[in-house]
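Single-structure report; data block below.
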Ligand code: GLY
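In structure tokens form, the structure reads like this:
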């Protein structure tokens, strides 16, 4: 029997349907109000794509009090040994972890939590070798230290890196494609943080394509980045493009929409 690679072969995911309050979601720059109906259609396509790989998807109800609640990835880190509840760096998002806690408790025997500082799941990229954590406006030294103290005894090496200036999360600029390969913007790769990995770069002008997810046999990527999509296909990846126009208005992407384990 072949063992699953827990960094991209998953049997479950957690998602949360967007709420009508999504129009109040955080954004670095206002490029328009998200359209709820379009986002619901895109979200349904995303969930159906996860399910098409045979995975179970736990679909949570919208949270009107948390406009960014659809971006469940920021609330936790899911590892084979246990789950870690994050401590989101945006004050309006801190309560999202309280909502996620019982869901994860039902899935995991061991659930820990970051109790000091801040860390967002979007700043964390797990590879088979290490856990990269990007210091950012949302993830600080204290949050990273707490996370290190939790994952070290579980046998994970935590590597602190820097989320590029002006970029919301570390994973806004990169994704894991397989056990050895990372999709990265050129600006992030140039920092040297992925030395020793195979790195594929997003095409010029397509930085926003970097936030994809490898989920079982598929790579889910935002639609509208044809050069990067072709490059991934030419490298043997089975790509599914999902419209991301509405989440992009809130700096969100493919990874933000699920917890995967
Ligand atoms: N709108 C996603 C975030 O800022 O956390």
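In the working numbering, the protein residues as written are 1 to 261.
Where a beta carbon is used, it is the ideal one built from N, C-alpha and C, also for glycine.
Round the Cβ separation of residue i and residue j to the nearest angstrom and send it over; I've been treating them as touching at under 8 Å.
i	j	result
residue 95	residue 118	In fact, because the Cβ distance is near 14 Å, the residues do not count as touching under 8 Å.
residue 211	residue 253	3 Å
residue 47	residue 259	Incorrect: roughly 13 Å between the Cβ atoms, too far for contact.
residue 6	residue 80	5 Å
May I ask you to list the residues that DSSP assigns as paired with residue i?
i	result
residue 198	181
residue 131	126, 158
residue 78	83
residue 119	87
residue 174	184
Between residue i and the rest of its own chain, which residues show a CB-CB distance below 7 Å, the 5 nearest in sequence each way excluded?
i	result
residue 163	123, 134, 135, 136, 169, 170
residue 36	18, 20, 22
residue 14	58, 60, 72, 103, 258, 259
residue 121	73, 74, 75, 76, 77, 86
Measure the alpha-carbon distance for residue i versus residue j and round it to whole angstroms.
i	j	result
residue 239	residue 219	5 Å
residue 54	residue 10	9 Å
residue 126	residue 8	9 Å
residue 113	residue 84	5 Å
residue 173	residue 116	26 Å
residue 25	residue 140	22 Å
residue 157	residue 3	21 Å
residue 231	residue 207	14 Å
residue 186	residue 154	32 Å
residue 209	residue 228	7 Å
residue 107	residue 249	32 Å
residue 226	residue 205	11 Å
residue 190	residue 176	17 Å
residue 203	residue 143	33 Å
residue 251	residue 44	19 Å
residue 152	residue 105	21 Å
residue 217	residue 237	8 Å
Near residue i, what residues of its chain come up, given a Cβ to Cβ distance below 6 Å and the 5 sequence neighbours on each side ignored?
i	result
residue 159	130, 132
residue 255	73, 171, 211, 213
residue 179	5, 128
residue 233	239
Give the range of the alpha helix (DSSP H) segment to which residue i is assigned.
i	result
residue 150	141-151
residue 222	Unbroken run through residue 222 is the beta strand (DSSP E), 218-222; no alpha helix (DSSP H).
residue 47	36-51
Within the continuous beta strand (DSSP E) that includes residue i, where are the two ends?
i	result
residue 209	Note, residue 209: premise wrong, no beta strand (DSSP E); not H, not E.
residue 113	111-113
residue 12	12-16
residue 98	Per DSSP, residue 98 belongs to no beta strand (DSSP E); it is in the alpha helix (DSSP H), 96-107.
For ligand 2, any of its heavy atoms closer than 8 Å to the Cβ of residue i?
i	result
residue 250	For ligand 2, the structure offers nothing, since it holds only ligand 1.
CB-CB under 8 Å to residue i, same chain, minus the five flanking residues each way: which ones, in chain order?
i	result
residue 42	242, 243, 244, 245, 246, 247
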